[in-house]
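As you go down the protein sequences, you meet chains A and B in turn.
Take the numbering used here: the final residue in the first sequence is number 140, and no numbers are missing along the way.
Take the numbering used here: the final residue in the second sequence is number 215, and no numbers are missing along the way.
Quick reminder that beta carbons are idealized off the backbone N, C-alpha and C, glycines included.
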Amino acid sequence: MFDKETKFLVIDDFKTMRTIVKKTLSNLGYTNVVEAEDGVQAYQVMQQAVKDSSPIQVVVSDWNMPNMTGLDLLKKCRGDEFYKAVPFILVTAENEQKQVLEAAKAGVSNYIVKPFTPVQFQQKLEQVYQRHFKKAA
Amino acid sequence: MSAAPKQKPNSFFDPSVGQAFIASVEKTLESYTGIKPIREGHKLFQGIPTDFEYYGIMNFELAGQKAYMILALKKDSLKFIYERMVGALPDENSGESDDCVGELTNITYGNAKAELSKQGFSMSMALPTVLRQLDPSKYNIQASLMLPFKQQDQFHLALYLAI
C-alpha cells in the first residue's frame, strides 16, 4: 500500500466532501494531504508543489466542478511532463457507463462512486497502488 | 440473448423516475448516516415548499421536460446528517451547512441520473444551488411531487420533483 508519507491532493468544490475524503485518508494513516476547490486551483497547487520539491503523489478528484472538471484536470495531468503518470482517482456521484469509459480513455487510475464507505475507498486506493507500483516491481 | 430494453416512461411523473430519485435519497442517507430513511408516502403540490430551512436545487431536463429536484431539510436534520458524515457539528457561519446541502443534492441527483441513464434517459449534468429561503415567484413551477423521509425523529427531509 502507499507509504504513510505519500502526498495526496484532494479536489472537490464541496468542502464537506473534501473533509470526508481527508478524514478517510487520515483514518488510513495518510495525513500529508492538500486541498483544492476545482481543477484550475488544483493544477496550480500541483505546479507549485513541484517547484517546492514536494510534488503531489496521488490525486483524488471530484468530476463535476466549475472552472475545470476532474476529467479535464486528468487530461491535463496526462499531458504534463512531470505528472503524466501520477495516480489519479476520480470520485463522482455519477457512474454512467459512457462516463466511466471516458475516464478510462483519459487514463484514470480508478473511479469511486459517491456515496462510498471508508472500506470501499481503501479498496480502491489499494487497487491503484497495485496498478501503479506492483506492476513495475 | 440480452433482455429487451425497458419502455421509456411517458412522462416526468412516471413511477420509474420517482423510484430512481427515492432510491438515490435512501442510498445517500444510509451510506453517510448509517440509518436507512423511511419514506412517508407522497403528496402532489401546486407550487414548491417554503417551510423548510435549507433547499438544495437542481435545475435539469429529463425526457424533454424541464424540471427541478429540490432537497429540503430542517436545520436540526441537517446538523444530524452532517455530524454523521463528517464527525463534527457544522459551523453555519462558515457555510458548512450550505455546503453539505449542496453535496447531498449533488449526490442524490447524480445517482438518480445514473440509474435513469441505464433506462435510456439522457439527463443534463448540473450544479446545485443552495438557498435558505425559497421565493416561489422566481420559479415557474406548476406542480411538484413531495417525497418526505423520516427516521425516528432523527431527521426529516423531503425530496421534491417539480415541473
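Across the region 171 to 202 of chain B, CB contacts with chain A closer than 7 Å involve Met177 and Leu179, in sequence order along the chain. Secondary structure note for Glu105(A): its alpha helix (DSSP H) is the uninterrupted segment Gln100 to Ala109. Taking a C-beta distance under 8 Å as the contact criterion, Ser64(A) and Ile14(A) qualify as a contact pair. His135(A) and Lys165(B) have their C-alpha atoms spaced approximately 31 Å apart. Between the C-alpha atoms of Ala45(A) and Glu38(A) there is a straight-line separation of about 8 Å. Note on geometry: alpha-carbon atoms of Asp151(B) and Asn67(A) lie some 15 Å from one another. Counting only runs of 4+ residues, the alpha helix (DSSP H) found wholly inside the region 142 to 187 of chain B occupies 148 to 170, in chain order. For a cut-off of 8 Å, the C-beta gap from Ser196(B) to Gly99(B) is around 7 Å, short enough to register as a contact. Cβ-Cβ separation between Thr9(A) and Asn30(A): approximately 15 Å, too far for a contact (criterion under 8 Å).
For Phe17(A), a Cβ of chain B is located within less than 8 Å of the residue's own Cβ.
When only Cα atoms are considered, Glu105(A) and Gln126(A) end up about 22 Å apart. In terms of CA proximity to Ser112(A), Ala88(A) leads the group Lys54(A), Ala88(A) and Asp75(A).
Contact of Tyr120(B) with chain A is not assigned, every C-beta pair being separated by 8 Å or more. Within the region 90 to 106 of chain A, those residues whose Cβ lies closer than 9 Å to any Cβ of chain B are, in chain order, Thr95, Ala96, Glu97, Asn98, Glu99, Gln100, Lys101 and Gln102.
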